[in-house]
Amino acid sequence: MTFAFRYLKQITAKQLSIFIALFILSIALDQWVKFIMLEGFVWESEAITIGGRALVYNKGVAFSMFSFLEEYLKYIQILLLIILFAGALWSDFFIKHYVPLGILIGAGLSNIIDRFVYEGVVDYVYWHYWFDFAIFNLADVLIDISVVLMIYQMLQEKRNGGHDWT
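Residues in the sequence shown are numbered consecutively from 5, following this note's numbering.
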């Protein structure tokens with residue numbers, strides 16, 4: 005077990021503090037915005053509708069995929085987040101990507117919280133300019149940003165002769 009989590013000793017207090025802060029901030033900000041939407045906030049323009057008729061409870065994941073899993077989906081997602089976090093701690097991935105991981109895991113957990121509190125994930129942003137896009141929420145945007153940041157960090161590391169990722 006010591007071998008498996010040998011990188012835990014290398015995680016600094018600063019890295020852990022930043023991870024925890026971003027994790028909590030992602031959940032708090034997303035849940036706060038969802039609360040505002042559920043209280044009746046509406047904003048519409050030619051391109052975007054926020055709240056109002058755009059407010060839906062998504063029982064699946066992106067584009068309502070896997071909605072047939074119903075109640076099991078939230079438990080599968082919790083398991084996937086645990087595996088992601090443990091896998092990051094198992095390697096040096098956490099040390100290198102603690103910022104996007106804090107955002108990613110926090111935003112992912114915020115959407116899972118919705119599954120326990122509401123009938124599904126609270127989505128409220130509808131892009132309808134040029135094309136109809138899926139309705140989404142702040143946590144979805146934060147997840148996208150964290151993935152882009154992770155990819156950017158990996159490309160920078162590879163460019164600078166870093167880790168092989170195989």
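C-beta: ideal position from N, C-alpha, C; glycine also.
These numbers were taken from a predicted model, which means no experiment stands behind them.
Name the two residues that bound the continuous alpha helix (DSSP H) containing residue i.
{"i": "Glu-75", "result": "Per DSSP, Glu-75 belongs to no alpha helix (DSSP H) and is neither H nor E."}
Per DSSP, residue i forms a beta bridge with which residues?
{"i": "Asp-127", "result": "Val-60"}
{"i": "Val-46", "result": "Gly-55"}
Are the CB atoms of residue j and residue i within a distance shorter than 8 Å?
{"i": "Gly-1", "j": "Phe-45", "result": "There is simply no residue 1 to check, as the chain begins at 5 and stops at 170 in what is shown."}
{"i": "Ala-143", "j": "Asn-115", "result": "yes"}
{"i": "Ile-31", "j": "Tyr-128", "result": "no"}
{"i": "Ile-99", "j": "Gln-14", "result": "yes"}
{"i": "Ile-86", "j": "Phe-27", "result": "no"}
{"i": "Asp-96", "j": "Tyr-11", "result": "yes"}
{"i": "Tyr-133", "j": "Ala-51", "result": "yes"}
{"i": "Ala-58", "j": "Ile-139", "result": "yes"}
{"i": "Asp-34", "j": "Leu-153", "result": "no"}
With distances taken from CA atoms, which of the options is nearest residue i?
{"i": "Leu-42", "options": "Phe-135, His-132 and Tyr-122", "result": "Tyr-122"}
{"i": "Tyr-79", "options": "Ala-25, Gln-157 and Ile-117", "result": "Ile-117"}
{"i": "Leu-83", "options": "Gly-112, Arg-57 and Gly-64", "result": "Gly-112"}
{"i": "Asn-179", "options": "Gly-124, Val-151 and Tyr-130", "result": "Residue 179 is absent from the model: the chain starts at 5 and stops at 170."}
{"i": "Asp-148", "options": "Trp-131, Ala-17, Gly-165 and Ala-66", "result": "Ala-66"}
{"i": "Leu-77", "options": "Glu-48, Arg-57, Val-152 and Arg-119", "result": "Arg-119"}
{"i": "Val-176", "options": "Lys-38, Gln-35 and His-101", "result": "No statement about residue 176 is possible, as the shown extent of the chain runs from 5 to 170 and does not include it."}
{"i": "Asn-141", "options": "Trp-94, Trp-36 and Ser-21", "result": "Trp-36"}
{"i": "Ile-40", "options": "Gln-160, Val-126, Leu-159 and Ser-49", "result": "Val-126"}
{"i": "Gln-19", "options": "Glu-161, Val-103 and Tyr-130", "result": "Val-103"}
{"i": "Lys-38", "options": "Glu-48, Val-60, Ala-92 and Lys-162", "result": "Val-60"}
Could you tell me the boundaries of the beta strand (DSSP E) in which residue i lies?
{"i": "Gly-55", "result": "52-55"}
Quick one: which unbroken alpha helix (DSSP H) runs of 4-plus residues sit fully inside the stretch 92-146? Chain order, please. 97-121
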